[in-house]
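Residue numbers (full-length UniProt numbering), protein chains in the order written: chain H, 1 to 216; chain D, 1 to 216. Backbone N, C-alpha and C define an ideal beta-carbon position, used for all residues, glycine too. Predicted model, so just to flag it, every value in this text is computed and none were measured. Everything below concerns the one structure shown next.
There are 2 protein chains.
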Amino acid sequence: MPGPKQERAQKTREEILRAAAEVFDERGYHGAGMREIMKRAGVTLGAVYFHFPNKEALAQAVMHEQPATIVPSLRSEGLQRLVDITLVWSHKLQSDPLLRAGVRLTSEQTGYGFDDVTPYRQWAQIMEECLVDGLAAGDVRTDTDVHALAEFLVAACTGLQAYSLLASGRDDLPERARTMWRLIMPAIATPHAAAGIDVSEEREAAVNGLTAGSGR
Amino acid sequence: MPGPKQERAQKTREEILRAAAEVFDERGYHGAGMREIMKRAGVTLGAVYFHFPNKEALAQAVMHEQPATIVPSLRSEGLQRLVDITLVWSHKLQSDPLLRAGVRLTSEQTGYGFDDVTPYRQWAQIMEECLVDGLAAGDVRTDTDVHALAEFLVAACTGLQAYSLLASGRDDLPERARTMWRLIMPAIATPHAAAGIDVSEEREAAVNGLTAGSGR
């Protein structure tokens with residue numbers, strides 16, 4: 001069990017991460033300065049460097065924090081869980097600085113000379129776990145290569161946000177995510193399950209805690 | 001009909017574009033200089049600025065040149081044409097500087113402060129035309145929203161290359177493209193057509209002119 005000192009250190013680390021995310025989200029990697037992040041977090045520069053040896057380490061930590069920002073407001077399992085995660089992701093990318101900065105840094109990283117595939121792998125693992133559960137529940141077609149499908153879905157979502165960012169400043173991202181599911185669901189879900197998986201605008205609102213919607 | 005002067009100007013423009021693409025591909029937008037592009041193209045700096053008022057205009061022209069780089073070596077129509085285009089695209093992204101630079105600049109552009117959705121729209125239009133033909137030929141399911149599907153496929157391919165770049169330096173991109181088609185084809189093609197659409201490694205080789213393969 002962590003003592004009070006470890007808890008304080010953990011809290012400081014989180015404050016630095018969130019401040020860094022805000023600055024990266026607003027200014028990009030090159031525009032962000034360690035001093036501005038320090039001021040935004042309300043900590044000393046020494047505290048920043050204690051947790052993160054340099055700006056690159058801080059950017060990497062922000063990139064790896066993406067999955068932790070996604071918590072659907074409804075319980076769900078398997079294929080519906082996977083859908084719900086993308087509906088929360090597409091919605092929170094409008095407003096959550098930690099997720100926005102993580103995605104921005106991940107997308108733009110090759111321009112900074114970074115080469116970090118970890119954020120993609122993290123998402124692929126989460127998606128694959130949902131698909132494995134969906135297979136066991138009989139929602140996912142038995143002939144599905146769940147590993148390959150998870151890899152593809154991560155790529156698809158990556159591209160959806162890139163296109164949506166330029167097409168609409170990400171306003172249409174939730175709609176694009178729901179459209180994706182409508183288009184490809186017949187190839188993924190068993191005919192029996194397909195009708196029960198909810199990819200509606202109402203579901204999107206409910207999993208984002210915007211309505212009183214109930215779980216499956 | 002263009003006279004010799006216009007033809008020369010057009011040829012110079014193409015030489016500048018190709019030289020610019022090589023430099024953008026190697027060094028990214030910020031690392032590329034107009035003088036290096038001039039030297040690479042074997043033209044004067046005046047000739048570069050005659051065709052492109054600044055580096056941003058040159059980068060934009062390279063971004064918009066992507067579709068022109070894709071010419072499948074086999075004749076095909078509709079859904080097979082769409083598959084073939086992606087198989088050529090995934091292959092040429094390994095080697096064609098003009099395509100590589102166009103994709104790199106398009107992907108990284110938000111990091112440079114650009115905001116140009118045109119390359120995505122160009123690809124979506126090409127894909128939608130293939131899908132419309134596929135609908136008419138009875139290859140694409142009659143209930144398909146071809147506009148939405150084209151928009152999704154552009155996004156999916158965008159993400160495939162981004163993920164593949166970090167996962168394998170794009171080595172696995174052709175395989176990822178073929179896997180995408182195998183995964184989603186049941187949702188797109190009519191059952192009758194699905195078996196006839198060729199997404200194999202052999203097709204990939206043939207449309208890239210690497211074997212003597214014959215058209216459908």
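From residue 47 of chain D to residue 34 of chain D, what distance separates their C-alpha atoms?
Taking the second sequence and counting its residues from 1, one reaches residue 47 of chain D at position 47. Taking the second sequence and counting its residues from 1, one reaches residue 34 of chain D at position 34. Cα to Cα, the separation comes out at about 11 Å.
For a cutoff of 7 Å on Cβ pairs, would you count residue 186 of chain H as touching chain D?
Here the question's residue 186 of chain H lines up with position 186 in the first sequence. Answer yes: the Cβ-Cβ gap between residue 186 of chain H and chain D drops below 7 Å somewhere.
Using the Cβ count rule (16 or more neighbours within 10 Å means buried), how would you classify residue 28 of chain D?
Counted from its first residue, the second sequence places residue 28 of chain D at position 28. Buried: at least 16 other Cβ atoms inside 10 Å.
At the 7 Å Cβ level, is residue 49 of chain H part of the contact set with chain D, yes or no?
Residue numbering aside, residue 49 of chain H sits at position 49 when the first sequence is read from its first letter. Not an interface residue.
Which runs of the alpha helix (DSSP H) fall wholly inside the segment 86–126 of chain D and span at least 4 residues, in chain order?
Runs of the alpha helix (DSSP H) inside the segment 86–126 of chain D: 97–112.
Suppose the cutoff is 7 Å on Cβ atoms and the five residues either side in sequence are ignored; what does the same chain contact list for residue 23 of chain D look like?
In the second sequence, residue 23 of chain D corresponds to position 23, counting from 1. Taken in chain order, the residues that qualify are 32, 36, 37 and 40.
Assuming contact is defined by CB atoms lying nearer than 7 Å, are residue 173 of chain H and residue 73 of chain H in contact in what I supplied?
Reading the first sequence from its first residue, position 173 is the one you call residue 173 of chain H. Reading the first sequence from its first residue, position 73 is the one you call residue 73 of chain H. The answer is no: Cβ separation not under 7 Å.
Can you give me the Cβ contacts of residue 104 of chain H inside the same chain, cut-off strictly under 8 Å, excluding the 5 residues immediately before and after it?
Within the first sequence, the letter at position 104 stands for residue 104 of chain H. Around residue 104 of chain H: 24, 25 and 28.
Give me whichever residues DSSP pairs with residue 195 of chain H in a beta bridge.
Your numbering for residue 195 of chain H matches position 195 in the first sequence. Paired residue(s): none; residue 195 of chain H is not in a bridge.
For the alpha helix (DSSP H) that contains residue 152 of chain D, what are its first and last residues?
As a first step, residue 152 of chain D must be located in the second sequence, where it is residue number 152. Residues 146–168.
Name the chain H residues that come within less than 8 Å of residue 149 of chain D, Cβ to Cβ?
Within the second sequence, numbered from 1, the residue matching residue 149 of chain D stands at position 149. Ordered by position in chain H, the residues that pass the 8 Å Cβ test against residue 149 of chain D are 183.
Indicate whether at least one CB of chain H lies closer than 7 Å to the CB of residue 117 of chain D.
The residue you call residue 117 of chain D lines up with position 117 of the second sequence. Taking Cβ atoms only, chain H reaches closer than 7 Å to residue 117 of chain D, which makes this a yes.
Our contact map puts residue 176 of chain D next to residue 160 of chain D with C-beta atoms below 8 Å; I'd like the distance itself, whole angstroms only.
As a working mapping, residue 176 of chain D is identified with position 176 in the second sequence. As a working mapping, residue 160 of chain D is identified with position 160 in the second sequence. 5 Å between Cβ atoms; contact.
Buried or exposed, going by whether 16 or more other CB atoms sit within 10 Å of the CB of residue 208 of chain D?
Against the second sequence, residue 208 of chain D aligns to sequence position 208. When all chains shown are included, residue 208 of chain D counts as buried.
Please determine if the segment 87–102 of chain D and the segment 151–171 of chain D are in contact, where contact requires at least 3 C-beta pairs separated by less than 8 Å.
These segments touch.
Taking the straight line between their C-alpha atoms, what separation do you get for residue 144 of chain H and residue 11 of chain H?
By one-based count along the first sequence, residue 144 of chain H stands at place 144. By one-based count along the first sequence, residue 11 of chain H stands at place 11. Looking at the two C-alpha atoms, the distance is approximately 42 Å.
Using a Cβ cut-off of 7 Å, which residues of the UniProt domain "HTH tetR-type" (10–70) of chain H contact any Cβ in chain D, in chain order?
Result list: 28.
Give every residue of the same chain whose Cβ lies closer than 8 Å to the Cβ of residue 30 of chain D, excluding the five residues on either side of it in the sequence, and list them in chain order.
Residue numbering aside, residue 30 of chain D sits at position 30 when the second sequence is read from its first letter. Taken in chain order, the residues that qualify are 112.
Roughly how many whole angstroms lie between the Cα atoms of residue 193 of chain H and residue 203 of chain H?
By 1-based counting over the first sequence, the position of residue 193 of chain H is 193. By 1-based counting over the first sequence, the position of residue 203 of chain H is 203. Approximately 16 Å between the Cα atoms of the pair.
Of the choices D:185, D:94, D:205 and D:171, whose alpha-carbon is the least far from that of residue 149 of chain D?
Along the second sequence, read from residue 1 onward, the residue named residue 149 of chain D stands at position 149. The candidate whose alpha carbon is nearest that of residue 149 of chain D is D:185.
Where does residue 140 of chain D sit, in a helix, a strand or coil, going by DSSP?
The count along the second sequence starts at 1 and reaches residue 140 of chain D at position 140. Correct three-state label for residue 140 of chain D: strand.
Could you give the C-beta distance for residue 183 of chain D and residue 187 of chain H, rounded to a whole number, given that I count them as a contact under 8 Å?
Here residue 183 of chain D refers to the residue found at position 183 of the second sequence. Here residue 187 of chain H refers to the residue found at position 187 of the first sequence. The Cβ separation is near 6 Å, so the contact holds.
Less than 7 Å between the C-beta atoms of residue 62 of chain H and residue 101 of chain H, yes or no?
Mapped onto the first sequence, residue 62 of chain H falls at position 62. Mapped onto the first sequence, residue 101 of chain H falls at position 101. Closer than 7 Å, so yes.
Taking Cβ-Cβ distances below 7 Å as the criterion, which residues of the segment 121–154 of chain H are in contact with chain D?
Per Cβ criterion, the list reads 148, 149, 152 and 154.
If you run the structure through DSSP and keep just helix, strand and coil, what is residue 11 of chain D?
The residue labelled residue 11 of chain D in the question sits at position 11 within the second sequence. Three-state DSSP puts residue 11 of chain D in a helix.
Using only alpha-carbon positions, find the residue among H:139, H:49, H:99 and H:118 that is nearest to residue 196 of chain H.
Translated into positions along the first sequence, residue 196 of chain H becomes position 196. The residue with the shortest Cα to Cα distance from residue 196 of chain H is H:139.
Since residue 163 of chain H and residue 166 of chain D should fall inside the 8 Å C-beta cutoff, what is the C-beta to C-beta distance between them, to a whole number of angstroms?
Here residue 163 of chain H refers to the residue found at position 163 when the first sequence is read from its first residue. Here residue 166 of chain D refers to the residue found at position 166 when the second sequence is read from its first residue. Their Cβ separation, rounded to whole angstroms, is 19 Å, which puts residue 163 of chain H and residue 166 of chain D out of contact at 8 Å.
Should residue 93 of chain H be flagged as near chain A, meaning a C-beta pair shorter than 7 Å?
Going by chain labels, chain A is absent from the structure shown, which instead holds the protein chains H and D.
In this structure, does DSSP put residue 189 of chain D in helix, strand or coil?
Here residue 189 of chain D refers to the residue found at position 189 of the second sequence. In this structure, residue 189 of chain D counts as strand in the three-state DSSP scheme.
Put residue 24 of chain H into one of helix, strand or coil per three-state DSSP.
Stepping through the first sequence from its first residue, residue 24 of chain H is reached at position 24. It is helical.
For the alpha helix (DSSP H) that residue 58 of chain H lies in, which residues bound it at each end?
On the first sequence, position 58 is the one that residue 58 of chain H refers to. Counting along the chain, the alpha helix (DSSP H) containing residue 58 of chain H begins and ends at 55–64.
Mapping the DSSP letters down to three states, classify residue 3 of chain H as helix, strand or coil.
By 1-based counting over the first sequence, the position of residue 3 of chain H is 3. Of the three classes helix, strand and coil, the one that applies to residue 3 of chain H here is coil, per DSSP.
Would you call residue 66 of chain H buried or exposed, if buried means 16 or more other Cβ atoms sit within 10 Å of its Cβ?
Taking the first residue of the first sequence as position 1, residue 66 of chain H is located at position 66. Classification of residue 66 of chain H: buried, given that the 10 Å Cβ count is 16 or more.
Just checking: is the beta-carbon of residue 205 of chain D within a distance shorter than 7 Å of some beta-carbon in chain H?
Taking the first residue of the second sequence as position 1, residue 205 of chain D is located at position 205. No - not a single Cβ of chain H is within 7 Å of the one on residue 205 of chain D.
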